[in-house]
Amino acid sequence: MRGILALLFLQMVALCASTELSTTSRWIVHHTSGKRVRLACVNWPSHVEPMIAEGLEKKPLRHIVKKIAENGFNCVRLTWATYMFTRPEYGSLRVSESLGKYNLSAARDGIVRNNPQILNMTVVELHKAVVDELGRRKVMVVLDNHVSRPTWCCGDKDGNGFFGDADFEVEEWLRGLAAVAEAYRDTHAVVGISMRNELRGNRQNEAEWYKYMQEGGNTIHTHNPDVLIIVSGLNYAGNLGFLKSQPLAVNFTNKLVFEAHWYSFGTSAEQWVAQTNQLCGTITKWALDNYLFLTQGNNSFPLFISEFGINQRGDSEADNRYIGCMLAAVAEFDVDWALWTLQGSYILREGHVDLEEFYGLLDFNWDRLRNPAFLDRLQVLRQINQDYKSKHPTHYIMLHPLSGLCVHIAKNGMVAMASCKRATRWDQHRDGWPIKLAGSSKCLGVAGDGEDPRVSRHCSSKWKYVSSSGLHLAAQDTRGEHLCLELEKNASDSKIVTKKCLCIGDDDLADLPTCADNPQAQWFKLIPTNI
Numbered sequence: 001m002r003g004i005l006a007l008l009f010l011q012m013v014a015l016c017a018s019t020e021l022s023t024t025s026r027w028i029v030h031h032t033s034g035k036r037v038r039l040a041c042v043n044w045p046s047h048v049e050p051m052i053a054e055g056l057e058k059k060p061l062r063h064i065v066k067k068i069a070e071n072g073f074n075c076v077r078l079t080w081a082t083y084m085f086t087r088p089e090y091g092s093l094r095v096s097e098s099l100g101k102y103n104l105s106a107a108r109d110g111i112v113r114n115n116p117q118i119l120n121m122t123v124v125e126l127h128k129a130v131v132d133e134l135g136r137r138k139v140m141v142v143l144d145n146h147v148s149r150p151t152w153c154c155g156d157k158d159g160n161g162f163f164g165d166a167d168f169e170v171e172e173w174l175r176g177l178a179a180v181a182e183a184y185r186d187t188h189a190v191v192g193i194s195m196r197n198e199l200r201g202n203r204q205n206e207a208e209w210y211k212y213m214q215e216g217g218n219t220i221h222t223h224n225p226d227v228l229i230i231v232s233g234l235n236y237a238g239n240l241g242f243l244k245s246q247p248l249a250v251n252f253t254n255k256l257v258f259e260a261h262w263y264s265f266g267t268s269a270e271q272w273v274a275q276t277n278q279l280c281g282t283i284t285k286w287a288l289d290n291y292l293f294l295t296q297g298n299n300s301f302p303l304f305i306s307e308f309g310i311n312q313r314g315d316s317e318a319d320n321r322y323i324g325c326m327l328a329a330v331a332e333f334d335v336d337w338a339l340w341t342l343q344g345s346y347i348l349r350e351g352h353v354d355l356e357e358f359y360g361l362l363d364f365n366w367d368r369l370r371n372p373a374f375l376d377r378l379q380v381l382r383q384i385n386q387d388y389k390s391k392h393p394t395h396y397i398m399l400h401p402l403s404g405l406c407v408h409i410a411k412n413g414m415v416a417m418a419s420c421k422r423a424t425r426w427d428q429h430r431d432g433w434p435i436k437l438a439g440s441s442k443c444l445g446v447a448g449d450g451e452d453p454r455v456s457r458h459c460s461s462k463w464k465y466v467s468s469s470g471l472h473l474a475a476q477d478t479r480g481e482h483l484c485l486e487l488e489k490n491a492s493d494s495k496i497v498t499k500k501c502l503c504i505g506d507d508d509l510a511d512l513p514t515c516a517d518n519p520q521a522q523w524f525k526l527i528p529t530n531i
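Numbering of the sequence shown is given in our numbering, commencing with residue 1 and proceeding in unit increments.
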């Protein structure tokens, strides 16, 4: 009996120790085995005024964590505010006291029903309890320093934006990083610490960014050498382009990860509707110039898209257009990511009690998924498509970002859509050449307008990308007309046809200046894979 218990103990120790991560080149890897690990995370805020993880007044902690794991997330980006760990008047507040401070009686009643065990915990103890429960479900945790003073984020003049702002005193921030790194030093679920969310404002500058990000990274590593150290850039985590000319110098190796945020903000729905292809090309190039470039070249680093998301009611046309473009790029570059966001509601946000969050994965009552179809589109992002240790050759799968499905060739040569886990492999494609099945002499062939493409030994169809989105694949039919692949709307069998290319000129194959059609049904992306 003692031998069995000892064996079980050793297995548990090995399991707990197995979550330490490191980096090699642009990949996050298991520290001891070197096997690639992909962070597929969801954000869970705990940084707003009450300093209580959202949703605990709606559902039991175990129920929420189970939902996260069941829906395919292996990681949570859990936020925290500096003052929780540096100022006793914040960190020593008990949950019941924090709720009372803001007169949140309904939330208190909800916690009594769902999580009565947390009422007498301090907010710091609760934060650790959430991390521990995530660890019990084998969900990794990235701890994100979201703000200094607990509040909603973010604005240029909120006092939390950049080093030296009213609520962003550098020495206190460093003490907070040290305290969190130390507090979670032996917590194996915690695999990374993000130094600061969305640096911003009129005072931001590169010189202080280099100085204080270096100090912050070194501080974390001194107090907890096991965790990944995650670094955001300037302009609301949208700009790391300055790293092209000067790298960030730190006193540790194989632990540095950079992060970026990618939303539709800043471009109107009217612009997206009128110029979908052009804007997709523009924002993809912008992302490549500002952060995706970090995954390329000899001095590459892992990139963590630590926030992206949409209004999951589906009524934001800007979100609906941007997200397909963004998903295609994230799949192509195979980067790590965290969806904004888990919560269907907030206990308190910007003075509003029990406020609904339409970007939330869960609905207002935290009962069910708000938009299951959107979650299905993330399937290709959850799987590892590239492994630096793979001995297999690189082929390509053909992703349809609007559906989240991939092209699958049936035995009769018919072209349809299926889960990307079952996707057909293709050889590397050169623009203006046939698209060939991997390990075969067969090619993808165009038929006529509205007809089914097929795979056969006839390789006369020459395919090329014909819009600035980089997502329209077109070839000429026997009449010389260029036709694009298209997933038929409302096709019950996920049928693909070739049709006149949307929003593209017939003669010059250039983007139309404006276009009332939505071209996303015709967006396809060849994604490299060696798995």
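The beta carbon of each residue, even a glycine, is placed where N, CA and C say it ideally should be.
Per-residue DSSP class, three states only, for residue i
i, result
"Gly281", "helix"
"Asn530", "coil"
"Leu342", "coil"
"Phe293", "helix"
"Asn254", "coil"
"Asp354", "strand"
"Gln204", "coil"
"Lys421", "helix"
"Arg349", "strand"
"Thr276", "helix"
"Lys525", "strand"
"Gly192", "strand"
"Asp366", "Reading off the sequence shown, one finds Trp at residue 366, where the question assumed Asp. Coil."
"Met213", "helix"
"Gln379", "helix"
"Tyr388", "coil"
"Cys325", "helix"
"Asn412", "coil"
Residue i burial status per 10 Å Cβ neighbour count (16 or more: buried)
i, result
"Asn43", "buried"
"Leu7", "Low per-residue confidence applies at Leu7: pLDDT is 35, beneath 50, and the placement is therefore not dependable, though the value from the model is reported in the following sentence. Its Cβ having fewer than 16 others within 10 Å, Leu7 is exposed."
"Gln343", "buried"
"His146", "buried"
"Ala516", "exposed"
"Glu171", "exposed"
"Asp427", "buried"
"His392", "exposed"
"Val112", "exposed"
"Glu89", "exposed"
"Ser232", "buried"
"Ser460", "exposed"
C-alpha gap between residue i and residue j, whole angstroms
i, j, result
"Cys325", "Thr341", "19 Å"
"Leu21", "Thr529", "22 Å"
"Thr284", "Leu174", "34 Å"
"Pro225", "Cys501", "53 Å"
"Asn235", "Ala438", "42 Å"
"Arg38", "Glu481", "42 Å"
"Asn239", "Tyr291", "7 Å"
"Pro116", "Val142", "26 Å"
"Lys107", "Lys66", "The question names Lys, but residue 107 is Ala in the sequence shown. Cα to Cα, Ala107 sits roughly 21 Å from Lys66."
"Ala328", "Arg377", "11 Å"
Beta-carbon spacing of residue i, residue j below 9 Å
i, j, result
"Phe293", "Ser25", "no"
"Asp158", "Thr151", "yes"
"Trp209", "Phe242", "yes"
"Arg430", "Leu444", "no"
"Leu47", "Ala81", "A quick correction: the sequence has His, not Leu, at residue 47. Taking 9 Å as the Cβ cut-off, His47 and Ala81 qualify as a contacting pair."
"Gly155", "Arg200", "yes"
"Glu537", "Ile230", "There is no way to answer for residue 537, as the model of the chain reaches only from 1 to 531."
"His223", "Leu177", "yes"
"Val273", "Leu303", "no"
"Val415", "Ile397", "no"
"Ser467", "Gly351", "no"
"Glu123", "Gly100", "Note that residue 123 corresponds to Val in the displayed sequence, not to Glu. No."
"His400", "Trp523", "yes"
"Arg368", "Leu375", "no"
"Ile504", "Asn277", "yes"
Strand pairing of residue i, partner residues [DSSP]
i, result
"Asp511", "Ile504"
"Val65", "Beta-bridge pairing links Val65 to no other residue."
"Gly445", "Arg454"
"Trp152", "For Trp152, which the question treats as bridged, DSSP gives no partner whatsoever."
"Tyr83", "DSSP output for Tyr83 lists no bridge partner at all."
"Asn43", "Arg77"
"Leu336", "As written in the sequence, residue 336 is Asp, which differs from the Leu given in the question. In DSSP, Asp336 forms a bridge with Phe304."
"Met140", "Cys75"
Residue i: CB within 8 Å of a non-hydrogen atom of the ligand ZN
i, result
"Glu215", "Only the bare structure without any ligand can be found here, which leaves the ligand ZN out of the picture."
Any chain B beta carbon closer than 9 Å to residue i
i, result
"Ala338", "Protein chains in the displayed structure number just one, and chain B is not present."
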